[in-house]
Each structure stands twice: as C-alpha cells, then as structure tokens.
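Residue numbers (the numbering used here): 49 to 296.
Have a look at the structure below, then the notes.
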Amino acid sequence: MNVLVSRSKNQLGQRAAAHGAELIRQAIRARGRANIILATGASQFEMLAHLVRERGIAWNRVAAFHLDEYVGLPIDHPASFRKYLWERFVSKLPLPLAAFHYVNADDGDPRAECDRLGRIISRHMIDVAFIGIGENGHIAFNDPPADFSTTRPYRVVELDAACRKQQLGEGWFPSLRAVPKRAISMSPWQIINSRAIVCTVPDRRKAEAVRHAVQGPITPGVPASILQRHGQVALFLDRPSASRLEAT
Numbered sequence: 049m050n051v052l053v054s055r056s057k058n059q060l061g062q063r064a065a066a067h068g069a070e071l072i073r074q075a076i077r078a079r080g081r082a083n084i085i086l087a088t089g090a091s092q093f094e095m096l097a098h099l100v101r102e103r104g105i106a107w108n109r110v111a112a113f114h115l116d117e118y119v120g121l122p123i124d125h126p127a128s129f130r131k132y133l134w135e136r137f138v139s140k141l142p143l144p145l146a147a148f149h150y151v152n153a154d155d156g157d158p159r160a161e162c163d164r165l166g167r168i169i170s171r172h173m174i175d176v177a178f179i180g181i182g183e184n185g186h187i188a189f190n191d192p193p194a195d196f197s198t199t200r201p202y203r204v205v206e207l208d209a210a211c212r213k214q215q216l217g218e219g220w221f222p223s224l225r226a227v228p229k230r231a232i233s234m235s236p237w238q239i240i241n242s243r244a245i246v247c248t249v250p251d252r253r254k255a256e257a258v259r260h261a262v263q264g265p266i267t268p269g270v271p272a273s274i275l276q277r278h279g280q281v282a283l284f285l286d287r288p289s290a291s292r293l294e295a296t
C-alpha cells in the first residue's frame with residue numbers, strides 16, 4: 049500500500065484525482081475504454097471536485113459503477129448517493145459517460161437489484177476504484193465484521209450504530225432515527241478485484257480507522273484492512289487522518 053500524506057484536504061483531493069485520472073487515461077490508451085467505481089460521502093468532496101476538472105480524459109469512453117446506496121431512500125433525498133454523484137460528478141463532466149450504473153435501492157426488491165448490478169459488473173474489469181474508509185473502518189457499507197468470503201458483487205447489508213452515527217454527524221440526516229438501517233453495498237471482494245484502488249481519507253476522526261487498516265492485521269473487524277491484500281492501492285491522507293500512524 050502506497051501511503052501519501054498531504055498538507056490539506058484540498059491538496060489530498062488534488063493529488064488523489066490526478067493519480068486516478070492518469071490511471072483512467074492509461075486504461076483508455078491500452079483498451080479504448082475504462083471502468084471505474086465511485087464512492088460518496090464527505091471524504092470524496094475535494095477529490096471529485098478536482099477529478100471533473102482533469103484534462104485529457106475521454107469520459108465518453110468511461111463506464112462508472114456506484115459503490116453503495118441506502119435502501120428505501122428516494123433519489124431526491126438530500127442524503128441520496130445518486131443525487132450526490134449527479135450533482136458533484138456526472139453533471140459537471142465535459143462529456144457524458146459511456147454509462148453510469150447507479151444503485152437503485154428505493155423501490156422494488158433490493159436483492160433483485162443486487163443481482164441486476166452483479167450481472168452487469170461481472171462483465172467489466174474495473175480499472176480504478178475510488179473509495180474511502182469509514183470511522184468504523186468500513187469500505188463501502190461493509191461494516192465490521194465484514195464478509196470477506198462472499199464473491200457476490202453486491203449485497204444487502206445492515207448498517208451498524210457507528211456507521212449510522214457517522215452519517216448523522218456529517219450532516220446528511222436530521223436525526224439518528226432518520227438514518228436508514230439497510231443499504232445495498234458493493235462487497236469487499238468486488239472492490240479488491242479492481243486493477244487499482246484510489247482511497248481518499250481526510251480528517252482526524254478517521255485516524256484510528258486508518259491506523260488499524262494500514263498497520264493492523266487483516267481482519268473482518270476492520271473491513272478496510274483487506275486493502276493490504278491488494279498490490280495497487282494508493283492511500284491519500286491529510287495530516288490529521290495520518291496522525292495515528294506509527295513511523296516505519
């Protein structure tokens with residue numbers, strides 16, 4: 049795992065976006081197309097703001113996959129990740145994407161939606177996964193203890209109390225009661241099957257999770273620790289989020 053520490057969140061976002069953008073360009077040059085995964089949340093604000101401004105990317109040759117979404121939350125809710133990605137990424141691109149495979153979790157059968165998305169993503173090799181790490185060490189909505197054994201690309205998961213409190217603390221919901229208890233999430237197995245991973249994690253509140261993910265054992269109790277199994281992970285931190293790492 050390549051750990052890069054920046055002076056500020058803005059510099060972190062700029063460096064993560066530049067690295068991810070070059071990986072996208074390389075994929076397009078090599079194969080004529082690229083497939084990416086996009087995360088949401090406060091940790092991705094600066095990275096996405098810089099990524100949409102990167103030059104020399106043929107976005108019409110890029111297909112994107114949505115990492116996770118709350119079950120039962122309508123697309124027009126302020127906390128909807130589909131709304132977030134449209135407003136902060138898709139609508140700001142200079143060219144339309146070749147495809148964006150959103151997670152539609154607000155109606156119908158969420159397990160059927162997992163099956164639908166699983167069939168689509170199984171036909172695509174992911175070139176770059178843009179992800180973050182939660183305060184409880186989750187990746188996507190895989191809260192501890194995460195299922196490291198499943199090979200299903202998407203799953204319906206139960207959100208633990210720490211995860212739901214993080215969503216409240218970031219200002220997405222007016223009360224803890226309003227935070228959904230279930231979500232559709234991409235699995236750890238699917239995430240680490242990506243060719244490269246760009247993990248963006250600012251803020252001191254993530255420092256303990258970062259320490260365990262980077263320097264602790266690989267364990268379902270710290271879902272992000274599975275990133276240690278991948279040879280092409282670039283972890284972008286700011287000084288507060290890196291503050292608990294031990295010098296090596």
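Glycine included, each C-beta is placed from N, C-alpha and C at the ideal position.
When the beta-carbon positions are compared, valine 281 and glycine 68 stay at least 7 angstroms from each other.
Residue burial is scored here from C-beta neighbours: methionine 234 has at least 16 other C-beta atoms within 10 angstroms and is therefore classed as buried. Rounded to whole angstroms, the gap between the alpha carbons of proline 250 and valine 270 is 18 angstroms. Within the DSSP secondary-structure output, asparagine 50 pairs in a beta bridge with Ala282. Every unbroken stretch of the beta strand (DSSP E) spanning 3 or more residues and falling wholly within the region 81 to 136 is given here in chain order: 82 to 86, 110 to 114 and 116 to 118.
Per DSSP, the continuous alpha helix (DSSP H) segment holding histidine 260 begins and ends at 255 to 263.
Closest in C-alpha terms to serine 197, from the list Val100, Gly89 and Thr267, comes Thr267. Burial is judged here by how many other beta carbons sit within 10 angstroms of a residue's own beta carbon; glutamate 135 has fewer than 16 and is exposed. With contacts defined by Cβ atoms closer than 7 angstroms, valine 119 and arginine 277 do not form a contacting pair. The region 131 to 189 is shown to contain whole alpha helix (DSSP H) runs of 4 or more residues at 158 to 169, in chain order.
Each of Ala111, Arg200, Phe148 and Leu143 was checked against the Cα of phenylalanine 129, and the nearest Cα belongs to Phe148. Cβ-Cβ distances below 6 angstroms link asparagine 83 to Ala111, His172, Ile174 and Asp175 in the same chain, with the five nearest sequence neighbours on each side left out; the list follows chain order.
Aspartate 157 places its beta carbon 7 angstroms or farther from that of proline 122. Checking the DSSP bridge columns, you'll see arginine 230 partnered with Glu206. In the DSSP assignment, alanine 290 falls outside any alpha helix (DSSP H) and carries neither an H nor an E. If you ignore the 5 residues before and after valine 51, its C-beta comes within less than 7 angstroms of the C-beta of Val262, Leu283 and Leu285, all in its own chain and listed in chain order.
Within the DSSP secondary-structure output, isoleucine 245 pairs in a beta bridge with Ala177 and Val281. Of Ala75, Gln214, Arg81 and Val138, the smallest CA-CA separation from alanine 127 is found for Gln214.
Looking at the DSSP output, threonine 267 bridges to Val270. Assigned with DSSP and collapsed to three states, tryptophan 237 falls in helix. Spanning the alpha carbons of serine 54 and leucine 133 requires a straight line of approximately 25 angstroms. Secondary structure of glutamate 218 (DSSP, three-state): coil. Apart from the 5 residues on each side of it in sequence, alanine 65 sits with its Cβ closer than 7 angstroms to the Cβ of Met95, His98, Leu99 and Glu102 in its chain, given in chain order. Counting C-beta atoms within 10 angstroms of its own C-beta, proline 236 has 16 or more neighbours from the protein chains shown and is therefore classed as buried.
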